[in-house]
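Enquirer: Attaching a single structure in structure tokens format; questions to follow.
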Amino acid sequence: MSSGGEIGEVAIAEPDPRILAVFNEATGPLRARDVSEALDHELLRKNIEGTRAKLKRLAKPDILTEADTGSFTRKQ
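Written out as structure tokens, the structure reads:
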């Protein structure tokens with residue numbers, strides 16, 4: 136039986152342009168807290184963790200790179 140999709144297919148969502156804008160203006164690596172603050176999110180753990188998850192997802196298709204554990208930069 137077919138489920139309508141290919142096994143192993145992964146849908147890659149378009150990156151959030153606000154996150155990319157933060158990295159375009161950055162002069163060095165950013166942490167999830169820095170990005171959350173730049174996006175005017177309330178600095179609650181759940182918001183920072185949500186941002187960290189988004190940054191990790193952007194590192195998989197090589198949009199961002201994890202420079203050091205928890206620090207991200209725009210892929211050159």
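Counting along the sequence shown from 1, when you hit position 45 you're at 180 in this note's numbering, and nothing is skipped either side. Don't be surprised by glycine CBs; every beta carbon is placed ideally from N, CA and C. Here the structure is a predicted model, which means the values were calculated and not measured.
Determine the closest residue to Arg168 out of Asn159, Ala161 and Ile183, with distance taken between C-alpha atoms.
Expert: Closest by alpha carbon: Ile183.
Enquirer: Rounded C-beta distance between Leu179 and Glu172? I'm assuming under 8 angstroms.
Expert: Actually they do not touch by this definition, with Cβ atoms about 12 angstroms apart.
Enquirer: Expressed to the nearest angstrom, what Euclidean distance is found between the alpha-carbon atoms of Lys191 and Asp197?
Expert: Roughly 10 angstroms between the two C-alpha positions.
Enquirer: Identify whether Asp175 lies in helix, strand or coil by the three-state DSSP scheme.
Expert: Of the three classes helix, strand and coil, the one that applies to Asp175 here is coil, per DSSP.
Enquirer: With H, G and I counted as helix, E and B as strand and the rest as coil, what does DSSP make of Thr208?
Expert: Looking at Thr208 - three-state DSSP - the assignment turns out to be strand.
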